[in-house]
Amino acid sequence: MSADPSGRPFRSHSRASASDPSAATSRRSLLVAAALLPVAVGAVGAATGGRAAATTTQATASGDAQRHYDRAARLAGDDPVSLALIKALSPDAVFPPGQAPAPIRVFDNVAMVNTKMVSAAAITTSAGVVLLDALSSPEEAEQVLLPGLRAVGVDPERITHVVVTQAHYDHFGGAQYLADRYGARVMMSPADWDFIAADAPPNAPVRDLEIHDGQRLTVGDTTITLHHTPGHTPGTVSPVFPALWRGTRHTTMLWGGTNPPSATADKRIYLSSVRSFAARMRAAGVVAELNNHPGADYGVARMEQLRADASENPFIIGGTRTRRFMEVMESMIRGRIATDEESPTTAAPAAHTTRTCC
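Residue 324 in UniProt numbering sits at position 324 of the sequence shown, with consecutive numbering throughout.
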């Protein structure tokens, strides 16, 4: 056992992974969820007609790019989670504000508090709360995050760590407020700490703990593994952790940065991260999927489904579908790289700062 600079231990052992559920959430139940609210950010017409939408979104692509996009559509089939991901990763995708779902416990030990664009996930443990991201500002942390956590039975005073998955303002904006108010330690990859230091954005947290690739953060009875998945930002981090549903453990992942970067070179880094994280997910036995922008993975609809009917948990999608999710992502990013190569003017990097969102 080793310790972080605060003296809190990092245990190096891992826990047994969950078995793959025997049956994935039914298509019918997901369609019911889609009827409960307007189409969320990145959602593709629910599941009906989704295959056609996934194929025609890239109407301007040709050659190698189109082949990758078509493969993504074939892989997705009528799975609304993968179809939403295709929409979010398409060259013409935009991330307009959607509806902000009410706070919800998506698992026994995982709560999500949402704005119109982004979510923060609180993992409760026997010795405190680990928060994945902290919304956009101190005001949002105080007025949205803290009341939202309390509304679903999570005590903010028990927050021990804030894991910032990416160095964009909508993920780190409330972190220093929580550090000052509760003594929480703020964690980020070295590359993203450097990215913030170079840009000096408002509400940036004071440099604190660095996340090393594959690091295990143990708080009480829960170990969270933090993987570097750069590309969206220089040091994006994607966690893998145990989520409990009705007392049964399900190994869960959260992809840290969905929107592809503008520069082709950064897309290549993103692609490498997708491939390496997919292998780590498979080794860990991941069967459940979350996203810090739940409009990008049909998460908003799934939250409403869970709120309406908790007989099944729609975030437990099984090993086959979590692997498919990453394969769809790989094909879409390969398509985006090929699109850049076919139209070189699209490959030039746009100004990218910590003030970028998504």
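Yeah, the Cβ is synthetic: ideal placement off N, Cα and C, and Gly gets one too. Keep in mind it's a predicted model, so treat the numbers as computed, not measured.
| request: From the DSSP output, in three-state form, read off residue 115 for me. | output: Position 115 of the sequence shown, counting from 1, holds the residue named residue 115. In the structure shown, residue 115 adopts coil according to DSSP, grouped into three states.
| query | With C-beta atoms as the reference, is residue 177 less than 8 Å away from residue 156? | reply | Translated into positions along the sequence shown, residue 177 becomes position 177. Translated into positions along the sequence shown, residue 156 becomes position 156. No.
| query | Excluding sequence positions up to five away, which residues of its chain have a Cβ less than 7 Å from the Cβ of residue 141? | reply | Within the sequence shown, numbered from 1, the residue matching residue 141 stands at position 141. Excluding positions up to five away in sequence, the list reads 134, 135, 174, 177 and 178.
| query | Is residue 81 helix, strand or coil by DSSP? | reply | The residue given as residue 81 occupies position 81 in the sequence shown. Three-state DSSP puts residue 81 in a helix.
| residue 147 in three-state terms, based on DSSP | As a working note, residue 147 is residue 147 in the sequence shown. Helix.
| With 16 other Cβ atoms within 10 Å as the buried cut-off, status of residue 339 | If you number the sequence shown from 1, residue 339 lands on position 339. By the 10 Å Cβ count, residue 339 comes out buried.
| Beta carbon of residue 162, beta carbon of residue 131: below 8 Å? | Residue numbering aside, residue 162 sits at position 162 when the sequence shown is read from its first letter. Residue numbering aside, residue 131 sits at position 131 when the sequence shown is read from its first letter. In contact: residue 162 and residue 131 (Cβ atoms closer than 8 Å).
| query | Distance, Cα to Cα, residue 115 vs residue 244? | reply | The sequence position of residue 115 within the sequence shown is 115, counting from 1. The sequence position of residue 244 within the sequence shown is 244, counting from 1. When rounded, the distance between both Cα atoms is 24 Å.
| said: For the beta strand (DSSP E) containing residue 288, name the first residue and the last one. | reply: In the sequence shown, residue 288 corresponds to position 288, counting from 1. Start and end: 288-291.
| Which of helix, strand or coil DSSP assigns to residue 239 | The residue you call residue 239 lines up with position 239 of the sequence shown. Three-state result, residue 239: strand.
| With DSSP run on the structure shown, which of helix, strand or coil describes residue 338? | Counting from one through the sequence shown, the residue named residue 338 turns up at place 338. Residue state, collapsed to three classes: helix.
| Whose CA, out of 102, 196 and 168, lies closest to the CA of residue 150? | For this step, residue 150 is matched to residue 150 along the sequence shown. Nearest of 102, 196 and 168 to residue 150, Cα basis: 102.
| DSSP three-state call for residue 354: helix, strand or coil? | Counting from one through the sequence shown, the residue named residue 354 turns up at place 354. DSSP places residue 354 in coil when its eight states are reduced to three.
| My guess is that residue 326 and residue 274 are in contact by the Cβ rule of under 8 Å, so how many angstroms apart are they, rounded? | Within the sequence shown, numbered from 1, the residue matching residue 326 stands at position 326. Within the sequence shown, numbered from 1, the residue matching residue 274 stands at position 274. At roughly 6 Å, the Cβ-Cβ gap stays under 8 Å, so residue 326 and residue 274 are in contact.
| Between residue 127 and the rest of its own chain, which residues show a CB-CB distance below 6 Å, the 5 nearest in sequence each way excluded? | Along the sequence shown, one-based indexing puts residue 127 at 127. The beta carbon of residue 127 is closer than 6 Å to those of 219 and 220 in its chain, skipping five residues each way along the sequence.
| task | Please report the residue range of the beta strand (DSSP E) in which residue 105 lies. | result | The sequence position of residue 105 within the sequence shown is 105, counting from 1. That run of the beta strand (DSSP E) goes 104-107.
| query | Count the other CB atoms within 10 Å of the CB of residue 192; is the residue buried (16 or more) or exposed (fewer)? | reply | Here residue 192 refers to the residue found at position 192 when the sequence shown is read from its first residue. Its Cβ being crowded by 16 or more others within 10 Å, residue 192 is buried.
| query | Among all the DSSP beta bridges, which residues are the ones paired with residue 217? | reply | To locate residue 217, count along the sequence shown from 1; it is residue 217. Beta-bridge partners assigned by DSSP to residue 217: 224.
| said: What does the alpha-carbon distance come out to for the pair residue 21 and residue 322? | reply: For the purposes of this step, residue 21 is taken as the residue at position 21 of the sequence shown. For the purposes of this step, residue 322 is taken as the residue at position 322 of the sequence shown. Confidence at residue 21 is low in this model, with a pLDDT of 39, below 50, so its placement is unreliable and the value that follows should be read with caution. Going from the Cα of residue 21 to the Cα of residue 322 covers about 12 Å.
| request: Please determine, among 239, 180 and 223, the residue with the shortest C-alpha to C-alpha distance to residue 206. | output: For the purposes of this step, residue 206 is taken as residue 206 along the sequence shown, with counting starting at 1. Relative to the Cα of residue 206, the nearest Cα in the group 239, 180 and 223 belongs to 180.
| field | Of the residues 197, 324 and 227, the one placed nearest residue 76, counting alpha carbons only | value | Taking the sequence shown and counting its residues from 1, the one referred to as residue 76 is at position 76. With distances taken between Cα atoms, residue 76 lies closest to 324.
| request: Classify residue 185 as buried or exposed, calling it buried when 16 or more other Cβ atoms lie within 10 Å of its own Cβ. | output: Counted from its first residue, the sequence shown places residue 185 at position 185. Label assigned to residue 185: buried.
| request: Count the C-beta pairs between the stretch 254-273 and the stretch 221-234 that are closer than 8 Å, then say yes if the count reaches three, no if not. | output: yes
| C-alpha distance - residue 189 paired with residue 336, whole-angstrom precision | Stepping through the sequence shown from its first residue, residue 189 is reached at position 189. Stepping through the sequence shown from its first residue, residue 336 is reached at position 336. Looking at the two C-alpha atoms, the distance is approximately 26 Å.
| query | Residue range of the beta strand (DSSP E) that residue 185 falls in? | reply | By 1-based counting over the sequence shown, the position of residue 185 is 185. It spans 185-188 - the beta strand (DSSP E) in which residue 185 sits, taken as one unbroken run.
| Going straight from the alpha carbon of residue 200 to that of residue 246, what length do you get? | Looking up residue 200 in the sequence shown gives position 200. Looking up residue 246 in the sequence shown gives position 246. Approximately 44 Å, taken between the alpha carbons.
| message | In the DSSP assignment, the beta strand (DSSP E) including residue 161 goes from what residue to what residue? | response | Position 161 of the sequence shown, counted from the start, is the residue given in the question as residue 161. Run containing residue 161: 159-163, per the beta strand (DSSP E) assignment.
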